[in-house]
Amino acid sequence: MAKTSFVCQSCGAVHSKWSGKCDACGGWNTISEEAAPAPLGSNALKRQKGRVFALEDLKTEDKEPARRITGIHEFDRVCGGGLVPGCALLVGGDPGVGKSTIILQALASFARAGGSAIYISGEESMAQVRSRASRMGLSDSPVALGSATCVEDILATLEKAKSPSVIAIDSIQTLWTGALEAAPGTVAQVRTSSFDLVRFAKSSGSSLILVGHVTKDGQIAGPKAVEHLVDAVLYFEGERGHQFRILRAVKNRFGPTDEIGVFEMTGKGLAEVANPSALFLGDRNSASPGTAVFAGIEGTRPLLVEVQALVAQPGYGTPRRAVVGWDTGRLAMILAVLDSRGGVGVSAQDVYLNIAGGLKVGEPAADLASAAALISSFAGIALPKDTVFFGEISLTGDIRPAPQPELRLKEAVKLGFTTAVVPKDTKTEVAGMTLKPVKDVGDLIAFCGAGER
Ligand code: TYD
Ligand code: MG
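Residue 88 is where the sequence shown starts when you use the working numbering, and the numbers rise one by one after that.
Structure representation (structure tokens):
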């Protein structure tokens, strides 16, 4: 009888028996039965030659390799300044978010500048890829196209094409290798196939881009299954109903993580957004209670976003909390601090908090702006339109400093803001910006003009 094992299609954890919930990642109904891969024989271990090198000896020959610049600046920046030869990059995201579009655009731009690039699609026929390219005005760029799903075929194609500089595979979920019996889309197939391609890239010096769909129901293996195989992982995000798309680096061996690239989906593909702050702030002419502008930093770039809060009388039972774009636990903490340290009775109210434009904010420095928006909505007093906020709130109610104040303030001045509510010890001087240092939530409440309630 063939040996089988039970593998979670979301995270790749192997279990000895089937269960409804994966203990490793918490996913429900994600475990399915697969043929167990052949164990690594002791031969495989014996064959390794244990040659070691001294780090300092590598110095001269191992200079930082030249990056391959695609010419889509937002994409290049998120990669850490272009693609590294021999590196593997994974681009994950929900179906339909625009992964194929961005990759095709990056390849087309790279090929136009004289590089060799190949795009292999396992999902669309050549005719479909071509019609998409012509709609985006890219049909004249010299990208090689392929339509294949079998890894052995793909490797043969790549060798015949003399290892192009940039290789894109769309998507990993369609890949399969004849070496395994499992169906395409299972963890075993996705991992083994991706591994073969990554190994090819490392030995040939090509830059490999793998595209992976994020799956919610676990019917096919998600990008998590290959994250550890690749050098960099980028996620392409976008709220439904918003035309903005954000490319975010979550792992990068060759550059900073948390770097984001902002795009806008148009009728002719994705357009780069050079000044995202202006986009996320939108039209802020009507100053109404409950909004505050956060001077944030995403990766290496400052970004201003609007935090919107609504505090309302609760209906029956437990007060409602709904958060979009921010951490629920963080909101609960701010509400508790405002309540017990500042005497603002928001805890018992229904509270809604939204980051405008579909952005997800992870920085603790957003606390001050969120608190200001909450106080403003609670008191019904609009905050001054020309003011930005940044600073972390501690459980004691003190305001703690945030990194890189100068970058934040300069961006705010550029967008026409004149006042910044900042942590007490911020000494940064920026021309055109008046600082309002606050030491605790009491100071913030006083600034918001809500002290008398
Ligand atoms: P696609 O790149 O196929 O998504 P993915 O590969 O992540 O599944 O993008 C598909 C969506 O993008 C689709 O809903 C239509 C939209 N789109 C545009 O709005 N304009 C365009 O020029 C293109 C190519 C796609
Ligand atoms: Mg696609």
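Ideal Cβ positions, reconstructed from N, Cα and C, are used throughout, including at glycine.
Less than 8 Å between C-beta atoms, sequence neighbours within five positions excluded: which residues of the same chain meet that for residue 110?
Within the sequence shown, numbered from 1, the residue matching residue 110 stands at position 23. The answer, listed in chain order, is 100, 102.
Residue 157 lies in the beta strand (DSSP E); which residues open and close that run?
As a first step, residue 157 is located in the sequence shown; it is residue number 70 there, counting from the start. Secondary structure note for residue 157: it is in no beta strand (DSSP E), with a DSSP letter that is neither H nor E.
For residue 182, verify whether its CB is less than 8 Å away from any heavy atom of the ligand MG.
Counting from one through the sequence shown, the residue named residue 182 turns up at place 95. Because some heavy atom of the ligand MG lies under 8 Å away, the Cβ of residue 182 counts as near it: yes.
Determine the extent of the alpha helix (DSSP H) in which residue 357 is found, giving its start and end residues.
The residue you call residue 357 lines up with position 270 of the sequence shown. Unbroken run through residue 357 is the beta strand (DSSP E), 356 to 359; no alpha helix (DSSP H).
For residue 429, three-class secondary structure by DSSP
Sequence index remark: in the sequence shown, residue 429 carries index 342 (1-based). Reduced to three states, the DSSP call for residue 429 is helix.
To which residues of the same chain is residue 163 closer than 7 Å at the C-beta, ignoring the five residues directly before and after it?
Locating residue 163 in the sequence shown gives position 76, counting from the first residue. Once the five neighbours on either side are set aside, the close Cβ partners of residue 163 are 156, 157, 169.
Nonlocal neighbours in the same chain, by C-beta distance under 8 Å from residue 311, ignoring five residues either side
Position 224 of the sequence shown, counted from the start, is the residue given in the question as residue 311. Once the five neighbours on either side are set aside, the close Cβ partners of residue 311 are 97, 98, 99, 112.
Could you tell me which residues DSSP puts in a beta bridge with residue 211?
Stepping through the sequence shown from its first residue, residue 211 is reached at position 124. DSSP links residue 211 through a beta bridge to no other residue.
So what's residue 92 in DSSP terms, helix, strand or just coil?
One-based indexing of the sequence shown puts residue 92 at position 5. Here residue 92 sits in strand by DSSP.
Beta carbon of residue 191 nearer than 9 Å to that of residue 165:
Stepping through the sequence shown from its first residue, residue 191 is reached at position 104. Stepping through the sequence shown from its first residue, residue 165 is reached at position 78. No, they are not a contact pair.
Pull up the DSSP beta-bridge partners for residue 474, would you.
To locate residue 474, count along the sequence shown from 1; it is residue 387. Residue 474 is bridged to 506.
Simplified DSSP state of residue 485, which is helix, strand or coil:
Numbered from 1 along the sequence shown, position 398 holds the residue referred to as residue 485. In the three-state DSSP reduction, residue 485 falls in the strand class (E or B).
Quick one: is residue 441 buried, meaning 16 or more other Cβ sit within 10 Å of its Cβ, or exposed?
If you number the sequence shown from 1, residue 441 lands on position 354. Buried, since its Cβ has 16 or more Cβ neighbours within 10 Å.
Just the C-alpha distance for residue 369 and residue 449, rounded to the nearest angstrom, thanks.
Residue numbering aside, residue 369 sits at position 282 when the sequence shown is read from its first letter. Residue numbering aside, residue 449 sits at position 362 when the sequence shown is read from its first letter. Between the alpha carbons of residue 369 and residue 449 lies a gap of roughly 21 Å.
Rounded separation between residue 500 and residue 95 - CA only
By 1-based counting over the sequence shown, the position of residue 500 is 413. By 1-based counting over the sequence shown, the position of residue 95 is 8. So the alpha carbons of these two residues sit roughly 50 Å apart.
Three or more C-beta pairs under 8 Å: does that hold for the stretch 478 to 487 against the stretch 514 to 523?
Contact between the stretch 478 to 487 and the stretch 514 to 523 is not established, with fewer than three Cβ pairs separated by less than 8 Å.
Taking the alpha helix (DSSP H) that residue 347 falls in, what are its first and last residues?
Position 260 of the sequence shown holds residue 347. From DSSP, residue 347 is part of no alpha helix (DSSP H) but of the beta strand (DSSP E) over 347 to 353.
Compute the minimum distance between the beta carbon of residue 178 and the heavy atoms of the ligand MG, and state whether it is under 8 Å.
One-based indexing of the sequence shown puts residue 178 at position 91. Taken from the Cβ of residue 178, every heavy atom of the ligand MG lies 8 Å or farther away.
Using a Cβ-Cβ cut-off of 6 Å (strictly less than) and excluding sequence neighbours within five positions of residue 127, which residues of its own chain qualify?
Sequence index remark: in the sequence shown, residue 127 carries index 40 (1-based). Bear in mind that the predicted position of residue 127 carries a pLDDT of just 45, short of 50, making it unreliable; the figure below should be weighed with that in mind. There are no such residues.
Inter-residue Cα distance where the pair is residue 521 and residue 379:
Residue mapping note: residue 521 aligns to position 434 of the sequence shown, counting from 1. Residue mapping note: residue 379 aligns to position 292 of the sequence shown, counting from 1. Rounded to whole angstroms, the separation of the alpha carbons of residue 379 and residue 521 is 17 Å.
Would you please state the rounded distance, in angstroms, between the beta carbons of residue 299 and residue 313? I believe it to be under 8 Å.
One-based indexing of the sequence shown puts residue 299 at position 212. One-based indexing of the sequence shown puts residue 313 at position 226. Their Cβ separation, rounded to whole angstroms, is 7 Å, which keeps residue 299 and residue 313 in contact under 8 Å.
Which residues neighbour the ligand MG when neighbourhood means a C-beta less than 6 Å away from any of its non-hydrogen atoms? List them by chain order.
This criterion selects 186, 187, 210, 257.
If we cut at 9 Å on Cβ distances, does residue 428 have a partner in chain B?
Looking for chain B here will not work: only one protein chain is present.
Please identify the residue among 242, 469, 269 whose C-alpha is closest to the C-alpha of residue 290.
Here residue 290 refers to the residue found at position 203 of the sequence shown. Looking at the Cα atoms, 242 is the closest of the given residues.
At a threshold of 8 Å, does residue 353 count as lining the ligand ADP (C-beta to nearest heavy atom)?
This structure lacks the ligand ADP; the ligands present are the ligand TYD and the ligand MG.
Give me the Cα-Cα distance between residue 246 and residue 262, rounded to the nearest whole angstrom.
Translated into positions along the sequence shown, residue 246 becomes position 159. Translated into positions along the sequence shown, residue 262 becomes position 175. Computed Cα separation, rounded: 18 Å.
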